[in-house]
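Structure first, commentary second.
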Amino acid sequence: MSHFALEVDDISKRFGGLAATRNVTLRVKPGERRLLIGPNGAGKTTLFNQIAGDFLPDSGAIRLFGQEMTRLPTKKRVRMGLSRTYQILTLFPNDTLRHNVALALLGTEGGGWSCWSSLAAKRDMMARADDALAAVGLGDAAGREVAQTSYGERRRLELAMALAQKPKVLLLDEPLAGLSADERETVRALLEHIPRDVTIVMIEHDMDVALAFADQITLLNFGQVVLEGTRAEVIADPRTREVYLGH
Amino acid sequence: MQFWIIQTLNSLAMGGLLFLLSAGFSLIFGLMRIPNLAHGGLFMLGAYVGAMCMQWGVPFWLAAIAAGLAVGALGTVLEGGLLRRMAGNEQGQVLITLGISFIIADLCLLTWGGDPVPLDAPRMLRPPVFLAGFAFPGYRLAVLAFALIVALGLWLLLERTRLGAMIRAGVDDRLMARSVGIRVSRLFSAVFFLGAFLAGLGGVIGGPILSAYPGLDTDMLPLALVVVILGGVGSLPGALVGSFLVGIIYNFGTALFPDFAYVILFLPMVVMLVVKPSGLFGRVTR
Amino acid sequence: MFTLSRRDVFKTGIGVSALALTGRAVRADEPLRIGFLTVKTGPLAAGGIQMEQGMLTWLKLNNNKIGGRTVELMVADTNGVPATTRTKTAELVERQKAHLLIGPLAAFEALAVADYTESHHMPTMGLAAFDEGTQKGAQKYFARPTASAGQASHAMAAYCYSELKMRRMAVIADDFAYGHQQTSAFLRVFEDMGGKIVQKILPPLNAPDYGTYISQIKTDLDGIFMGFAGSNGFRFTKAFFEYGLGGKIPLTGGLTAMDEAILQQTGEDAVGIMTANYYSAAYDNAANKAFVAQMNKDYKADPGYYASGPAICGAVLDAAITKLGGKVDDPDLLINTIRSNVVENTIRGPVKFDAYGQAIGNIYIRKVERKAGHNVNTVIKTYENVSQFWTYDPVEFMKNPTYSRDWPVAKNLEN
Amino acid sequence: MTLRGSRFWALMSLFLIALPFALPSDYYLGIATHALVLAILALSLDILIGQGGMTSLGHAVYLGLPAYAAAWTMQNANWPPELAIPFAIAMGTAVSALFAVLSLRARGLGFLMITLALGQVMWGAAYRWVGLTGGDNGIRIPVRPPVLGIDISSVRSFYVVVALALMVALVCIWHLERSPFGACLRGTKDQPKRMNMLGHDVWSIRFLAFVFAGFWGSIAGVLYVFDYLYVSPSSLSLPQSAEALLMVVLGGAGTLTGPVVGAIIITVIKTVVSSYVDRWYSLLGLTFIIVVSVMPRGLVPGLKAWFAPKEGGAR
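Residue numbers (numbering that gives the first Met the number 0), protein chains in the order written: chain A, 0 to 246; chain B, 0 to 285; chain C, 0 to 414; chain D, 0 to 314.
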């Protein structure tokens, strides 16, 4: 069918008089690492929100592996293989890390309607939650409450939750935001190790890590795609300087 | 024809009364997100204090101001002493304001007894006004006029003063208000005072129509809720339009569909909440 | 705390064993324990407080004795909530071992405890005016020395038709059972005599304002009958005058439309309003004069509907228990004596009971007069020996539905 | 954790078994019964508040409506209680499903207002629809009928029924709390958007929680009418809803014992303390203010924190 893992086809979105997204087209191949860059307010997160289904575009289409999902509710998109992390941490602070990952697993695997059996007694699910945590180096912390972990650990928990869902396409919204140099290196290594059957679209401001990671880069400004290309192409293009530095 | 004219006048007069009741409620609700369930109690307390002042010989309008100030002061104390610590704790606020309303109701009963206490309108406003062959109470027209004056005053306060600008900023976005250096706690005290003042004032102005009696608080609070839900939380035009809307629904509704009198106000409230939870003029969505 | 619970255990033990032996045998010098159900908190407290004042005043005037026995009055506050009334009744009966009950205030409260008091064989002096209590729902251990909801309305209707020569009238009442029963009773007698009720308006009990209803009142009426409770009669009358209708259409009313409790507040607007009641603070007999004087002295208020009821209960009980020589341990004997007695000198005049436990007595038509800046309900006509069934045959009467919103059907409404 | 769990159940069972022996008379046992019926109502409301973060001010609907349904079918249609009870519970639950659809349009204070408005509509209907409900006079049941041939007319036997019902409710709600569904429900309370992004159907989770609350509320409603043998509009009024809310918040939302403790305290103030303190109404108000000021999360979590500081997160 389609050769693209994620296909954003000419979508636009207006809020009142303000155009948040203007005719954005994005075609991401399976296994690709795509980086979205652009100054604050360029519409990167707004674009993510539309891909995730938080709100619907006014026009255009969004497809996942050729399957139409423009108007599907978020939960269906997740079941189709889309996962996402947030720039601002949204975790369940009074629960354990294991519990957090279990909620992610319940989201894709179902089983969340069971009202009688104990969640803690779902050994299989708990084991997989622990595996997911171990994969991001949090194996020892599985039983701790989120409130008792460091910021860097929470960033990794975000990643563990998304990866536990075995996504086909993963949207990462600034996974390095607010991390120290050491932590950044840890997360970078984790990202490197994500297998290539997961397609990744990432928003990131840390150019050192991000540029090295990305296959293709898309530059957004004022809700529009300014240019798209490989690392070298985008760095070389004068429009990049223009967008970031303003003339 | 006469039916329509006189019920329209009734609706407007009641709308005016409801505006005096709910403007303060809306203000507090909108800015501080506090569902002040003691608002009915403050309104009733205003009516009793006004009646007491008038028994001491204080003229009506002065009594209204005095009751407003007294209730406003009480509101400020309650806000600073109890509610401020509950910021963000919705259930806590509900519980505390309910507790306050219990105490106000009980102490009013203890102080003024159970019998209704009448409040007399100023003498010159008492006789009915004759309009095209039928009589309409002069005082109710005065209440309408007074409500419009209060609305205008509040509008000027909100739109033309620095305090008003801060309040509006706070209603729209509290974080932003804080970040531009508004001292939110003092602003909250001021708004709570204003809201409670309006409740106390409204109690006295409404007194000649409603009088002061035990249960006035629980009769009035749901009306304030309906007004605010219909008009939209934290919006002055919303409170005004909501008040007149409730006046119209109540007067025409009970006249045309008397069988629905007990639910006439809550059905529109349900419909509004289901269709447009933010109300007609609501800026606050959740 | 500990001692309290131990004493309770002890008491319970005595109570249980005593009950097992002799029913309710207790020492003779023991006080007469009266459970008094009233409302002292919440929106219905106005009437409840007056009830208590009336009871205390009567006891004070009678040296705190009924039938020669010292009274231990156990006052319970029901908050006007049926569930609480039920609990409080259980407290009075089971924990405090009341010999008899007086109250409660509201009809729905009385209905909530009716089955309980009956099954516990607890003699109860009812005060709430609801027709069921002494008609189809009549109970063995129940006696009401005041009036059913419709009892006074019947007389008012007769007075309006015969004496005031009214033919076209409107009725307005609170939209709840007590209001319905008052207006339906009025409607029945008035229309049976030949009059017409052309308009029936039922504002909700918690109506914030009567303006909208007053605007609907027809202008070509001979009179209006009001079936209001609490402070609503006062609020309606004030609004009636505000809308310029005062003096244009005569106002009449039932038991509580222009009660003494709201009479002063209504001021000059009240003058001329005629209401029917089993009592008036202006009724002229020695018992009432003393009662009113004491009420004035202690509470600076004229007794009305709520305060008078317990005082009448006091007199009725006094006569019955005196006759029994102070013995109140047999509930059947007590209630039968109460119901078979004729008491001449209560503050409402003579009282006797019908076969259903409802008092037969005078119904007064009272007209508000202003004397030295003070409103009084002057008695202008006395209907003697009025039964709750008026002049109808009780059996025939009770074949019909109980007075309600829908019965009797108002056939002459104009719209 | 399991140890603590089993200790809780042992204490709770002991408490319920000991109560009839500890209380000096049937009168007090009757009050205990009233309190436990309301405890079930408070527990049901706590599914919404404590687990789901949805503050309802109209929960008395699920007390009053099934009470009316049971009373009406038994008194006016002569249904046996074996039929009337399931019917009443089904009806309360069905209405909760309908009201959930309407209420879940809004969140936070909007939700509170809409539940309040729906409650007022039901109250108005009960008050005004005299032909069906008897209006303010309500519906009486002369004697408590036997159910399944078991005589429950005495105070003691009915206490056993209520205590058993409370235990069943506690066990079910305890299971609910620990279950995957409970975890999801609490997730929607803290982070609804994230739950959505994790693939959960947030609306349906809330809907189901609302229906659960309606179901357990309806059980309380049926017990209520069997307890008082009377139902009137006051049992689905705003004060009754507010009282249920107060019980939950006073005792501590999101805990199993909190709503039970709240129900007991408020019932005791209303029925026992009010016999000794004239101004008990003020005292009730003062209690709310003090408890909320000193222990914003309620008595049970507050006391736990008091006695075991720095344990955190205990439920």
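Heads up, the beta-carbon is just placed ideally off N, CA and C, and yes, glycines get one too.
Next on the checklist: I'd like the list of long-range same chain contacts for residue 217 of chain C, defined as Cβ closer than 7 Å, with 5 residues on each side in sequence excluded.
Outcome noted: Within the same chain, residue 217 of chain C has close Cβ partners 169, 197, 198.
Item to check | Interface partners of residue 148 of chain A on chain D, CB under 7 Å | outcome: By Cβ distance, chain D contributes nothing, its closest Cβ being about 14 Å from residue 148 of chain A, past 7 Å.
Next on the checklist: If you measure between the beta carbons of residue 102 of chain C and residue 42 of chain C, is that distance less than 8 Å?
Outcome noted: At the C-beta level, residue 102 of chain C and residue 42 of chain C stay beyond 8 Å of one another.
Item to check | Any C-beta of chain D under 8 Å from that of residue 83 of chain A | outcome: For residue 83 of chain A, at least one C-beta of chain D is nearer than 8 Å to its own C-beta.
Next on the checklist: Here's the rule: buried if 16 or more other CB atoms are within 10 angstroms of the residue's CB, otherwise exposed. What is residue 94 of chain B?
Outcome noted: Residue 94 of chain B is buried by the Cβ-count criterion.
Item to check | N-terminal and C-terminal residue of the alpha helix (DSSP H) that residue 332 of chain C is part of | outcome: Start and end: 330-339.
Checklist entry - So which residues on chain C does residue 233 of chain D lean against when the C-beta distance must stay under 8 Å? => result Those within 8 Å of residue 233 of chain D in chain C are 80, 81, 82, 107.
Checklist entry - Between which two residues does the alpha helix (DSSP H) carrying residue 181 of chain D extend? => result Membership of residue 181 of chain D in the alpha helix (DSSP H) is indicated by the continuous run 179-189.
Next on the checklist: Short of 7 Å in beta carbon distance, which residues of its chain neighbour residue 51 of chain D, apart from the five on each side in sequence? Order them along the chain.
Outcome noted: In its chain, beyond the 5 residues on either side, 184, 187, 188, 205, 208 have a beta carbon closer than 7 Å to the beta carbon of residue 51 of chain D.
Checklist entry - So what does DSSP say about residue 54 of chain B, is it helix, strand or coil? => result Residue state, collapsed to three classes: helix.
Checklist entry - Apart from the five residues just before and just after residue 27 of chain B, which ones in its own chain have a Cβ nearer than 7 Å to its Cβ? => result Listed in chain order, the non-local C-beta contacts of residue 27 of chain B below 7 Å within the same chain comprise 33, 35, 190, 191, 194, local neighbours out to five positions each way being set aside.
Item to check | Reduced DSSP category for residue 25 of chain C - H, G, I as helix; E, B as strand; rest coil | outcome: Low confidence applies to residue 25 of chain C: its pLDDT is 48, below 50, so where it sits in the model is not reliable, and the reading given next is rough at best. Residue 25 of chain C: coil per DSSP, three-state reduction.
Item to check | C-beta contact flag for residue 48 of chain B and residue 22 of chain B at 8 Å | outcome: No, Cβ-Cβ distance for residue 48 of chain B and residue 22 of chain B is not below 8 Å.
Checklist entry - What does residue 204 of chain B touch in chain D if you count any residue whose Cβ is under 7 Å from its own? => result What residue 204 of chain B touches in chain D, judged by beta-carbon distance under 7 Å, is nothing: the nearest beta carbon there is about 26 Å away.
Checklist entry - Of the choices C/163, C/409, C/401, C/289, whose alpha-carbon is the least far from that of residue 136 of chain D? => result The candidate whose alpha carbon is nearest that of residue 136 of chain D is C/401.
Checklist entry - Which residues in the same chain have their Cβ closer than 7 Å to the Cβ of residue 233 of chain D, if we skip the five residues on either side of it in sequence? => result Taken in chain order, the residues that qualify are 239.
Checklist entry - Going by alpha carbons, who is nearest to residue 201 of chain C out of C/187, C/225, C/190, C/192? => result Nearest to residue 201 of chain C by alpha-carbon distance, out of C/187, C/225, C/190, C/192, is C/225.
Item to check | Other residues of its chain near residue 174 of chain D: CB distance less than 7 Å, five sequence neighbours each side excluded | outcome: Sequence-distant partners of residue 174 of chain D (beyond 5 residues in either direction) whose C-beta falls short of 7 Å from its own C-beta are missing from its chain.
Item to check | Exposure label - residue 148 of chain C; buried when at least 16 CB within 10 Å | outcome: Its Cβ being crowded by 16 or more others within 10 Å, residue 148 of chain C is buried.
Checklist entry - Are residue 334 of chain C and residue 140 of chain C closer than 8 Å when you measure CB to CB? => result Less than 8 Å divides the Cβ of residue 334 of chain C from the Cβ of residue 140 of chain C.
Item to check | Cβ of residue 2 of chain C within 8 Å of any chain D Cβ | outcome: Note that residue 2 of chain C scores 37 on pLDDT, short of 50, meaning its location in the model is unreliable; the coordinates nonetheless yield the value given after this. Chain D, which has no Cβ nearer than 8 Å to the Cβ of residue 2 of chain C, makes this no.
Next on the checklist: I need the straight-line Cα distance from residue 46 of chain C to residue 116 of chain C, nearest angstrom please.
Outcome noted: The straight-line gap from Cα to Cα measures roughly 22 Å.
Checklist entry - What did DSSP end up calling residue 20 of chain C once you bin it into helix, strand or coil? => result Legend: pLDDT at residue 20 of chain C = 40, less than 50; position of this residue unreliable, value from coordinates given subsequently. Three-state DSSP puts residue 20 of chain C in a helix.
Checklist entry - Under a three-way DSSP split, which group does residue 197 of chain A fall into? => result In this structure, DSSP gives residue 197 of chain A a state outside helix and strand, which the three-state scheme calls coil.
Next on the checklist: Cutting at 7 Å between CB atoms, please list the residues of its own chain near residue 190 of chain D, excluding the five before and the five after it.
Outcome noted: Closer than 7 Å at the Cβ level, and outside the excluded window around residue 190 of chain D, lies no residue.
Next on the checklist: Could you compute how far the alpha carbon of residue 130 of chain B sits from the alpha carbon of residue 87 of chain B?
Outcome noted: Those two C-alpha atoms are separated by around 51 Å.
Item to check | Contacts around residue 293 of chain D, its chain only, beta-carbon distance under 6 Å, and the 5 residues preceding and following it disregarded | outcome: Excluding positions up to five away in sequence, the list is empty.
Checklist entry - Hey, residue 257 of chain D and residue 297 of chain D: beta-carbon distance below 8 Å or not? => result Judged by their CB atoms, residue 257 of chain D and residue 297 of chain D are nearer to each other than the 8 Å cut-off.
Item to check | Range covered by the beta strand (DSSP E) that runs through residue 275 of chain C | outcome: Here the beta strand (DSSP E) through residue 275 of chain C covers 273-276.
Item to check | Bounding residues of the alpha helix (DSSP H) (the contiguous stretch that carries residue 82 of chain B) | outcome: Where residue 82 of chain B is concerned, there is no enclosing alpha helix (DSSP H), given that its DSSP letter is neither H nor E.
Item to check | Cross-strand partners of residue 373 of chain C (DSSP beta bridge) | outcome: According to DSSP, which records beta bridges pairwise, residue 373 of chain C is partnered with C/370.
Checklist entry - Just curious, the alpha helix (DSSP H) that residue 94 of chain C is in, first and last residue? => result Premise fails: residue 94 of chain C is in no alpha helix (DSSP H) and is neither H nor E.
Checklist entry - Counting Cβ pairs closer than 8 Å, one from the stretch 249-262 of chain C and one from the stretch 271-285 of chain C, do we hit at least three? => result Yes, the stretch 249-262 of chain C is in contact with the stretch 271-285 of chain C.
Item to check | Contact check, residue 59 of chain D vs residue 276 of chain B, beta carbons under 8 Å | outcome: The Cβ-Cβ distance between residue 59 of chain D and residue 276 of chain B does not fall below 8 Å.
Checklist entry - Is the CB-CB distance between residue 301 of chain A and residue 27 of chain A below 8 Å? => result Examination of residue 301 of chain A is not possible in this model, given that chain A is present from 0 through 246 alone.
Checklist entry - Interface residues of chain D around residue 27 of chain B at Cβ under 8 Å? => result Against chain D, a Cβ distance below 8 Å from residue 27 of chain B picks out nothing, because the smallest value is about 12 Å.
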